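2 is the number of the first residue of the sequence shown in the numbering used here; add one for each residue after it. By construction, the Cβ of each residue, glycine as well, lies at the ideal position given by its N, Cα and C atoms. Just so you know, these numbers come straight off a predicted model, no measurement behind them.
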Amino acid sequence: MQSRGNPVGNITQRSFTPRTDKKRFRVNSPLEGDINISIADAAAMNPPSPHLSIAKRAINVSCGADPRMPPGAWDSHLHIMDPVRYPPVETIPYKPTVHNLWENAIFENSIGCDHVFFVQTATHGYDMTLMLDSMRAVGNERALGLALFDPNTTSHEHIRRWDSEGVRAVRVNLVTYGDDTPIDELKS
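See the structure below:
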């Protein structure tokens, strides 16, 4: 196998070339507004965490197949975790690792994935800030999401707002939070 350099280190690969770092994407930054940035610039602005890094991942390819996804492909289940900038809920029974938006952008670009479906993590509970910020940064033409739904506090207005921001599904996590809401109430 051949190992080629990329903005965050080496990814073990065979017979494919990741998309170039010249490809640019639009990011909406709360501090700077809309900016146009390359993958390499994004990596330089927010280097990979020491806890989880693209450089530690290996893409294993058998028979020389091209591991890139077809045009228009979706990553159908993506969690973003950034416990430094977006603290997790205190009751979570484990310490989340870092898998931030920049690391994901570099990885998705390397495999040719055009769209992502963000899934709200239990580590952030019902606080949708990180997921919604990530969806806005990627853009509604490339990202959709799944919200973690609190049946006791989530209103129809919340659901309408999430829908306008690209949330297309909700889940109820009765196990992690010890909720005892009756199933009949969830149906309403």
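Each residue's CA atom was taken as its position, placing residue 88 and residue 153 some 23 Å apart. With respect to residue 108, residue 146 sits apart: the two C-beta atoms are not nearer than 8 Å. Beta-bridge annotation (DSSP): residue 115 is not paired with any residue. The C-alpha of residue 72 is placed about 24 Å away from the C-alpha of residue 170. Under the 10 Å beta carbon count, residue 85 is surrounded by fewer than 16 other beta carbons and is classified as exposed.
Sequence-distant partners of residue 75 (beyond 5 residues in either direction) whose C-beta falls short of 8 Å from its own C-beta, in its chain, are 114, 115, 116, 117, 118.
In the three-state scheme derived from DSSP, where H, G and I count as helix and E and B as strand, residue 139 is classed as helix.
For residue 80, the secondary structure class from DSSP, reduced to helix, strand or coil, is coil.
DSSP, read as helix, strand or coil, puts residue 172 in strand. Per DSSP, reduced to three states, the secondary structure at residue 144 is strand.
In the DSSP assignment, residue 165 falls within the alpha helix (DSSP H) that extends over 157-165.
In this structure, the straight-line span from the alpha carbon of residue 104 to that of residue 163 is close to 25 Å.
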